[in-house]
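Student: Below you will find the structure I want to go over with you.
There are 4 protein chains.
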Amino acid sequence: MIVVTRRGVSDAEIDRIRERIEQLGLRTHISRGEHRTIIGCIGDEARLAEASLLSLPGVESVTPVMKPYKLAAREFVAEPSRVRVGNAVIGGPALAVIAGPCSVEGRDMLRTTAQSVKQSGAALLRGGAYKPRSSPYAFQGLGVAGLEMLAQVRAETGLPIVTEVMDTRQVEEVSGFADMLQIGARNMQNFALLSEVGSVQRPVLLKRGLSATIKELLMAAEYIMARGNRDVVLCERGIRTYETATRNTMDVAAIPVLKRETHLPVIVDPSHAGGRADLVAPLSFAAIAAGADGLIVEVHPCPAEALSDGDQSLTLEGFGRLMEQLQPFATAVARPLGGAATSPTGTAAA
Amino acid sequence: MIVVTRRGVSDAEIDRIRERIEQLGLRTHISRGEHRTIIGCIGDEARLAEASLLSLPGVESVTPVMKPYKLAAREFVAEPSRVRVGNAVIGGPALAVIAGPCSVEGRDMLRTTAQSVKQSGAALLRGGAYKPRSSPYAFQGLGVAGLEMLAQVRAETGLPIVTEVMDTRQVEEVSGFADMLQIGARNMQNFALLSEVGSVQRPVLLKRGLSATIKELLMAAEYIMARGNRDVVLCERGIRTYETATRNTMDVAAIPVLKRETHLPVIVDPSHAGGRADLVAPLSFAAIAAGADGLIVEVHPCPAEALSDGDQSLTLEGFGRLMEQLQPFATAVARPLGGAATSPTGTAAA
Amino acid sequence: MIVVTRRGVSDAEIDRIRERIEQLGLRTHISRGEHRTIIGCIGDEARLAEASLLSLPGVESVTPVMKPYKLAAREFVAEPSRVRVGNAVIGGPALAVIAGPCSVEGRDMLRTTAQSVKQSGAALLRGGAYKPRSSPYAFQGLGVAGLEMLAQVRAETGLPIVTEVMDTRQVEEVSGFADMLQIGARNMQNFALLSEVGSVQRPVLLKRGLSATIKELLMAAEYIMARGNRDVVLCERGIRTYETATRNTMDVAAIPVLKRETHLPVIVDPSHAGGRADLVAPLSFAAIAAGADGLIVEVHPCPAEALSDGDQSLTLEGFGRLMEQLQPFATAVARPLGGAATSPTGTAAA
Amino acid sequence: MIVVTRRGVSDAEIDRIRERIEQLGLRTHISRGEHRTIIGCIGDEARLAEASLLSLPGVESVTPVMKPYKLAAREFVAEPSRVRVGNAVIGGPALAVIAGPCSVEGRDMLRTTAQSVKQSGAALLRGGAYKPRSSPYAFQGLGVAGLEMLAQVRAETGLPIVTEVMDTRQVEEVSGFADMLQIGARNMQNFALLSEVGSVQRPVLLKRGLSATIKELLMAAEYIMARGNRDVVLCERGIRTYETATRNTMDVAAIPVLKRETHLPVIVDPSHAGGRADLVAPLSFAAIAAGADGLIVEVHPCPAEALSDGDQSLTLEGFGRLMEQLQPFATAVARPLGGAATSPTGTAAA
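Chains F, S, L and U supply the protein sequences, listed in that same order. Numbering (the numbering used here) for the first sequence: 2 to 351. Numbering (the numbering used here) for the second sequence: 2 to 351. Numbering (the numbering used here) for the third sequence: 2 to 351. Numbering (the numbering used here) for the fourth sequence: 2 to 351.
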């Protein structure tokens with residue numbers, strides 16, 4: 002932590018600032034400039050995060066030096082982490098593609114979709130049973146019936162399933178069906194939920210909040226990891242900006258920045274980032290080129306009749322084409338496209 | 002809903018779009034231009050919100066016409082709503098001021114603060130027992146012990162209490178102590194939590210999300226109201242922008258826009274909006290001038306030692322000064338400053 | 002400037018960083034922490050701004066300590082500056098209101114507007130002769146004919162005139178007519194233009210750029226002042242954010258922040274900030290309450306027929322009402338509403 | 002243009018709205034809903050853009066249907082445009098890479114850089130002679146001396162040169178030296194400058210403004226094209242968002258959106274987008290993968306001693322490595338990497 006004083010700070014004020022810092026167990030290092038004084042704080046910065054140094058007379062600014070996350074930090078883990086989800090791996094040599102409908106709308110559409118995306122090369126199946134919808138009047142998902150359909154389709158296809166959990170009270174139930182728990186963008190700072198999924202043994206797909214900084218995303222991962230669950234995959238899904246030409250603004254630079262800052266795998270959701278089916282392919286290419294470990298893509302047998310997010314869903318054929326078009330980019334980054342299911346049994350079914 | 006077609010759309014495509022809309026029970030009205038065709042959709046637009054018209058061939062854009070919120074909408078309720086919280090009223094003729102510490106840190110600091118802010122003219126007491134913190138390593142609040150302290154201090158001072166609820170599993174417990182449940186900015190789109198507080202009989206203070214639009218804030222209120230709880234107070238607390246000179250950017254225009262769009266009371270949190278104690282006064286003046294129904298202000302006996310948000314907390318004296326300085330602005334908007342507690346018993350204590 | 006090194010930096014790297022800083026004429030002060038080292042740089046920071054310290058091996062972050070503006074900084078000028086424009090003063094005890102049409106569309110509409118806003122209490126007349134329009138096909142202003150109309154109406158009413166200059170080649174010409182030169186939001190970082198208006202003897206109204214930080218606004222003022230022209234008035238006019246309910250987001254906190262950082266007067270443009278006539282009044286009240294020194298308001302005899310910005314223009318009666326409604330807020334901040342013209346001659350006409 | 006009325010609009014109000022629209026030469030088409038009425042406007046929408054329909058009683062919203070740009074629009078030009086710059090082509094089959102120092106700092110560093118980037122495969126040389134700097138005290142470029150150095154190095158290497166023009170008064174002079182005129186991000190809505198470069202016969206590299214929408218970028222291109230100069234290349238260089246981990250947020254989706262909306266070539270500036278040398282490579286890969294026609298990259302023989310933008314500049318070796326690493330991505334998009342200079346003479350030298 003670096004404390005900079007106001008112009009014209011008094012010696013007594015500097016003393017009081019120094020005392021407060023030392024009282025918290027840190028050492029101080031004082032550099033007096035012509036107009037301002039810089040006070041470097043050496044030791045466990047976490048103790049200072051709680052202290053309101055800015056409210057002390059004479060303080061102009063306070064700048065943290067240490068990163069506030071530890072378990073998620075690259076500097077504390079030598080190797081990139083691999084997260085195993087059923088028989089798939091995210092963060093390994095292969096690029097992992099998760100595909101499926103926004104919502105589970107029925108058994109048949111789910112089965113059709115799963116079989117098709119599997120054949121096209123998807124390694125995991127996504128599908129929402131509990132849906133966060135901005136209107137209370139919109140379709141909210143099939144709930145437990147949807148979870149059962151997901152489990153059955155996993156048994157049939159061998160694709161591990163990824164599904165969202167929205168409420169601390171659902172975590173146990175959803176963990177009984179799903180191979181991977183998704184935390185949606187709107188819940189990225191739902192700290193109660195983060196703690197809850199941190200205490201079960203299911204990998205977590207953590208989506209970046211609509212206006213979360215990269216640092217906040219890492220802090221959210223830290224919440225989960227601090228409770229014991231180290232299997233976290235981060236997902237860039239577009240951030241909110243002033244631009245309205247796309248649903249969100251995909252922050253492609255977040256991929257290399259995260260790769261530098263953390264050992265956790267990073268995937269991208271091109272469907273939500275762009276919000277239109279015709280943007281899914283170019284955004285997927287960009288994500289892979291920038292170093293992402295995989296993708297999560299919305300696919301629906303008939304997007305025009307989808308109960309949610311149809312505008313951004315690919316058709317089954319569209320997804321097949323995407324996977325073919327991705328191949329040259331997978332080659333360019335020297336990673337196979339797959340991470341795919343190899344046997345017809347997922348984790349939870351085992 | 003207005004559908005605009007792409008340049009060069011075919012008649013067959015237009016027919017298919019029209020059929021899809023009529024299939025959903027709406028009437029269509031077609032205006033053919035030189036290059037594009039406009040299809041107006043008349044009837045219950047909610048049914049269209051589900052439909053993914055953008056995925057139909059020939060569609061260029063889809064624009065909603067109706068507002069997606071009903072219970073919260075000004076056009077369905079003639080009079081501004083008043084929300085009674087214990088013996089205080091928000092949205093009535095008087096300006097209501099909620100004050101207190103960010104977190105309840107102990108009985109003495111809470112009592113001292115409550116007595117002081119009451120004397121200065123606050124009508125309600127705030128204080129966090131469960132605290133959403135961006136780091137898992139930061140102070141997370143005293144929990145139920147904090148709730149008990151709040152209830153006791155209410156019994157002593159008569160100030161109704163406002164406290165945050167973060168988890169669906171806490172709603173019943175917190176409702177047993179608090180006069181008003183606060184939904185924090187990070188939970189504004191925690192739909193499970195919104196539904197849960199919608200089904201208890203406690204007024205709700207709903208804070209705008211960090212990057213929520215005004216429309217999304219109203220939809221979040223609609224979630225609560227749709228479950229039966231009509232006592233919702235909205236709170237502008239600053240939004241996230243590129244500007245770093247302040248912690249958030251207070252969207253002062255949200256106040257008149259909300260007043261036009263909804264009948265619900267609107268208050269402002271100048272402490273979080275600015276993030277520095279020295280900005281609390283000017284932002285409070287601006288909020289009242291722009292038409293806010295009240296304020297929620299962080300006050301701490303010793304901000305430099307606060308366990309959270311000390312940088313933006315006023316001292317007890319500072320809050321007293323603020324209330325004095327607010328007087329001329331209350332006069333300017335012709336509203337008394339108070340809405341204040343009149344007897345030493347709050348709702349839940351009754 | 003504070004330089005923080007990466008974890009695991011070598012002594013040789015620290016030496017090289019230190020040498021580079023000292024080579025530029027600054028002293029260094031080194032604090033070694035457990036994992037990182039902090040290097041404080043003492044001396045003329047401006048020399049470091051040029052240096053690319055981040056590109057040196059071992060450097061993780063570089064944080065400036067000094068403010069990059071000097072002439073505009075509050076800390077170098079004891080008293081708030083007053084800017085005299087013709088017979089009006091901005092930044093003095095009185096609140097100054099500038100009013101008039103977006104564009105000068107003709108002599109009659111300008112005269113009618115000027116007489117009316119003067120009677121309602123405006124101190125200065127605004128009107129665009131050169132208009133920045135986002136479409137090359139939109140009305141671009143009357144040019145020199147518009148300037149002549151402004152000068153004539155000044156002669157008739159005594160109101161000093163404020164008009165925009167868009168091109169370095171226009172500065173001399175516009176200065177021959179106008180009492181105050183306006184730099185529009187889109188030109189706030191048109192450095193050639195800033196330098197040019199910095200070298201004439203006409204006060205400048207500098208509007209904040211659509212996405213300019215407060216610091217960048219002050220640096221733009223510094224550009225003008227560094228060339229010799231100290232008569233700069235800053236104008237908050239809303240910034241660009243994700244919110245679409247209003248044309249821009251008025252950053253009301255910018256007013257007290259600017260008041261703390263600079264001695265220059267600060268006014269607000271509620272017409273552009275909100276983009277709708279019905280928001281002008283509440284935003285004006287908020288601006289005055291937060292400490293603004295005045296307002297600039299768009300007024301048109303018949304907004305529905307305005308050639309530009311009609312949606313946000315007040316009618317003549319609407320402006321009269323606004324001035325009446327502002328009175329209680331002027332009283333609340335203990336400043337008279339006026340700064341108004343006292344004689345029928347402006348500067349340039351003298 | 003689609004006009005939606007307020008709830009409870011009167012017939013007289015609807016009539017007045019319709020009359021106003023028809024008075025401007027358009028036809029109307031009225032759809033009456035239960036609560037609101039939709040008025041479609043058919044004909045030349047540009048005439049309506051001037052009209053302030055929102056200020057008419059009864060109007061709730063006004064939504065444009067037509068695109069406001071014509072010359073830049075994809076729908077009016079069948080084929081993607083190719084822009085010839087000296088002996089290079091941007092927008093042709095090959096990916097064009099522009100490289101060079103932020104500022105021309107001297108003849109030797111420029112020559113060294115030019116020879117090196119040419120050998121590594123760059124097709125054009127960039128270098129600033131006039132530099133927009135946010136501080137008036139920072140290095141402002143060598144001016145005409147810098148232009149002469151650029152011309153000389155072009156003569157020696159055959160690389161066409163790209164350099165920024167900041168002032169309408171410089172356009173003629175700079176056009177005498179440069180093969181391509183760059184309009185910087187801060188001048189994207191400097192309409193006087195856009196008009197001026199629109200009337201010379203030099204290709205223009207138009208950088209997207211810091212917070213410009215894609216539509217505004219296209220309107221800026223339209224300004225240039227409307228004056229007769231059709232040789233415009235668009236450049237995505239990152240936009241301003243709340244995220245501070247990178248200097249700007251590269252809007253990678255802007256590439257496919259622009260490709261859909263316009264026939265003009267689109268290149269990307271990964272140096273400014275990320276603001277750090279280590280982000281240049283991944284952002285370049287993403288840009289090419291998403292469909293960009295080329296890149297503009299900052300390169301400096303010794304970044305740590307650069308007079309501007311050293312933090313984001315590649316070394317000569319770093320640029321060589323980048324070009325090698327780009328090869329697989331060029332292969333993936335099936336475009337050769339080059340567009341390169343084939344003879345030692347540029348346009349202006351001819």
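No residue lacks a Cβ here, since even glycine has one placed at the ideal position from N, Cα and C. Please read these numbers as outputs of a predicted model, since none were measured by experiment.
Three or more beta-carbon pairs under 8 angstroms between the region 319-337 of chain F and the region 315-334 of chain U, yes or no?
Tutor: At 8 angstroms Cβ cutoff, the stretches touch.
Student: Among 65(L), 59(L), 277(L) and 37(L), which one has its Cα closest to the Cα of residue 43(L)?
Tutor: The sequence position of residue 43(L) within the third sequence is 42, counting from 1. Minimum Cα distance to residue 43(L) is reached at 65(L).
Student: Taking its Cβ as the centre, do 16 or more other Cβ atoms sit within 10 Å of residue 36(S), making it buried, or is it exposed?
Tutor: Looking up residue 36(S) in the second sequence gives position 35. Its Cβ having fewer than 16 others within 10 Å, residue 36(S) is exposed.
Student: Strictly below 8 angstroms CB to CB, what residues from chain U border residue 319(F)?
Tutor: Against the first sequence, residue 319(F) aligns to sequence position 318. Neighbours of residue 319(F) on chain U: none; closest Cβ ~15 angstroms, over 8 angstroms.
Student: Could you tell me whether the Cβ atoms of residue 276(F) and residue 247(F) are closer together than 8 angstroms?
Tutor: Here residue 276(F) is taken as the residue at index 275 of the first sequence, counted from 1. Here residue 247(F) is taken as the residue at index 246 of the first sequence, counted from 1. Closer than 8 angstroms, so yes.
Student: Is there at least one Cβ from chain F nearer than 8 angstroms to residue 324(S)'s Cβ?
Tutor: Position 323 of the second sequence, counted from the start, is the residue given in the question as residue 324(S). Cβ-Cβ to chain F under 8 angstroms: no for residue 324(S).
Student: According to the Cβ coordinates, are residue 105(F) and residue 54(F) closer than 8 angstroms?
Tutor: Numbered from its first residue, the first sequence carries residue 105(F) at position 104. Numbered from its first residue, the first sequence carries residue 54(F) at position 53. Contact flag unset, no.
Student: So, is residue 11(F) buried or exposed, given that buried needs 16 or more other C-beta atoms within 10 angstroms?
Tutor: What you label residue 11(F) is simply residue 10 of the first sequence in a count that begins at 1. Counting Cβ neighbours within 10 Å, residue 11(F) comes out exposed, since fewer than 16 surround it.
Student: Please state if the CB of residue 86(L) and the CB of residue 161(L) are separated by a distance shorter than 8 angstroms.
Tutor: Position 160 of the third sequence, counting from 1, holds the residue named residue 161(L). Position 85 of the third sequence, counting from 1, holds the residue named residue 86(L). Taking 8 angstroms as the Cβ cut-off, residue 161(L) and residue 86(L) qualify as a contacting pair.
Student: Can you list, in chain order, the residues of its chain with a C-beta nearer than 8 angstroms to that of residue 351(F)? Leave out the 5 residues immediately preceding and following it.
Tutor: Here residue 351(F) refers to the residue found at position 350 of the first sequence. A caution first: residue 351(F) carries a pLDDT of 31, below 50, which makes its placement in the model unreliable, though a value can still be read off. The answer is none, since no qualifying residue turns up.
Student: Give the DSSP-derived three-state secondary structure of residue 208(F) in the structure shown.
Tutor: Here residue 208(F) is taken as the residue at index 207 of the first sequence, counted from 1. Correct three-state label for residue 208(F): strand.
Student: In whole angstroms, what is the alpha-carbon distance linking residue 128(U) and residue 258(S)?
Tutor: Taking the fourth sequence and counting its residues from 1, one reaches residue 128(U) at position 127. Taking the second sequence and counting its residues from 1, one reaches residue 258(S) at position 257. Looking at the two C-alpha atoms, the distance is approximately 48 angstroms.
Student: Considering only residues of the region 56-89 of chain L, which uninterrupted beta strand (DSSP E) runs meet the minimum length of 3 residues and lie entirely inside it, listed in chain order?
Tutor: List check, beta strand (DSSP E) in window: 60-64 and 84-86.
Student: In three-state DSSP terms, what is residue 313(L)?
Tutor: Counting from one through the third sequence, the residue named residue 313(L) turns up at place 312. Helix at residue 313(L).
Student: What first and last residue would you give for the alpha helix (DSSP H) that runs through residue 1(S)?
Tutor: Any question about residue 1(S) goes unanswered here, given that chain S covers just 2 to 351.
Student: Thinking C-beta only, is residue 265(U) closer than 8 angstroms to residue 233(U)?
Tutor: In the fourth sequence, residue 233(U) corresponds to position 232, counting from 1. In the fourth sequence, residue 265(U) corresponds to position 264, counting from 1. In this structure, residue 265(U) lies closer than 8 angstroms to residue 233(U) by Cβ.
Student: Let me know if residue 16(S) comes out buried or exposed under the rule of 16 or more other beta-carbons within 10 Å of its beta-carbon.
Tutor: Here residue 16(S) refers to the residue found at position 15 when the second sequence is read from its first residue. With fewer than 16 Cβ atoms within 10 Å of its Cβ, residue 16(S) is classed as exposed.
Student: Is the region 98-117 of chain F touching the region 301-309 of chain F, taking contact as three or more C-beta pairs under 8 angstroms?
Tutor: At 8 angstroms Cβ cutoff, the stretches touch.
Student: On the three-pair Cβ rule with 8 angstroms, is the region 268-282 of chain U touching the region 305-320 of chain U?
Tutor: In short, these stretches touch, since the Cβ pair count reaches three.
Student: From the beta carbon of residue 88(F), is the nearest beta carbon of chain S less than 8 angstroms away?
Tutor: Translated into positions along the first sequence, residue 88(F) becomes position 87. Output row for residue 88(F): interface = no.
Student: Of all the CB atoms in chain U, is at least one closer than 8 angstroms to the CB of residue 256(F)?
Tutor: Position 255 of the first sequence, counting from 1, holds the residue named residue 256(F). By this cut-off, residue 256(F) is an interface position.
Student: Closest to residue 226(L) by CA distance: which of 14(U), 136(U) and 219(U) is it?
Tutor: On the third sequence, position 225 is the one that residue 226(L) refers to. The residue with the shortest Cα to Cα distance from residue 226(L) is 136(U).
Student: For residue 71(L), which residues in chain S fall below 9 angstroms Cβ to Cβ?
Tutor: The residue given as residue 71(L) occupies position 70 in the third sequence. Those within 9 angstroms of residue 71(L) in chain S number zero; the least Cβ separation is about 18 angstroms.
Student: For residue 177(F), report the span of its alpha helix (DSSP H) as first-last.
Tutor: For the purposes of this step, residue 177(F) is taken as residue 176 along the first sequence, with counting starting at 1. 172-178 is the extent of the alpha helix (DSSP H) around residue 177(F).
Student: Would you say residue 178(L) lies against chain S (beta-carbon separation less than 8 angstroms)?
Tutor: As a working mapping, residue 178(L) is identified with position 177 in the third sequence. Closer than 8 angstroms: no.
Student: Check whether the Cβ atoms of residue 209(L) and residue 189(L) sit closer than 8 angstroms, and answer yes or no.
Tutor: Numbered from its first residue, the third sequence carries residue 209(L) at position 208. Numbered from its first residue, the third sequence carries residue 189(L) at position 188. Yes.
Student: Three-state secondary structure (DSSP) at residue 181(L)?
Tutor: Against the third sequence, residue 181(L) aligns to sequence position 180. In this structure, residue 181(L) counts as strand in the three-state DSSP scheme.
Student: Bridge partners for residue 250(F) per DSSP, in chain order?
Tutor: Taking the first residue of the first sequence as position 1, residue 250(F) is located at position 249. DSSP lists 240(F) as partners of residue 250(F).
Student: Check each candidate in 320(U), 139(U), 151(U) and 192(U) and name the one with the smallest Cα separation from residue 296(U).
Tutor: On the fourth sequence, position 295 is the one that residue 296(U) refers to. The option with the nearest alpha carbon to residue 296(U) is 320(U).
Student: Quick test of your reading: residue 95(F) and residue 292(F), contact by CB under 8 angstroms. State the CB separation rounded to the nearest angstrom.
Tutor: As a first step, residue 95(F) is located in the first sequence; it is residue number 94 there, counting from the start. As a first step, residue 292(F) is located in the first sequence; it is residue number 291 there, counting from the start. Residue 95(F) to residue 292(F), Cβ: 14 angstroms. No contact.
Student: Hey, could you find the ends of the beta strand (DSSP E) residue 227(F) is sitting in?
Tutor: Against the first sequence, residue 227(F) aligns to sequence position 226. That residue, residue 227(F), is in no beta strand (DSSP E); its alpha helix (DSSP H) goes 215-227.
Student: Going along chain U, which residues have a C-beta under 7 angstroms from residue 377(S)?
Tutor: Chain S is shown from 2 up to 351; residue 377(S) falls before or after that span and cannot be answered.
Student: Quick one: which chain L residues come within Cβ less than 7 angstroms of residue 76(F)?
Tutor: Within the first sequence, numbered from 1, the residue matching residue 76(F) stands at position 75. Near residue 76(F) (Cβ distances below 7 angstroms), the residues of chain L are 8.
Student: Quick check: what's the CA-CA separation for residue 278(S) versus residue 221(S)?
Tutor: Sequence index remark: in the second sequence, residue 278(S) carries index 277 (1-based). Sequence index remark: in the second sequence, residue 221(S) carries index 220 (1-based). The alpha-carbon atoms of residue 278(S) and residue 221(S) are separated by roughly 29 angstroms.
Student: Let me see if you follow: with CB-CB separation under 8 angstroms, is residue 312(F) close to chain S or not?
Tutor: Counted from its first residue, the first sequence places residue 312(F) at position 311. So yes, residue 312(F) belongs to the interface.
Student: State the DSSP-derived secondary structure class of residue 54(L), mapped to helix, strand or coil.
Tutor: Here residue 54(L) corresponds to residue number 53 of the third sequence, with the count starting at 1. Reduced to three states, the DSSP call for residue 54(L) is helix.
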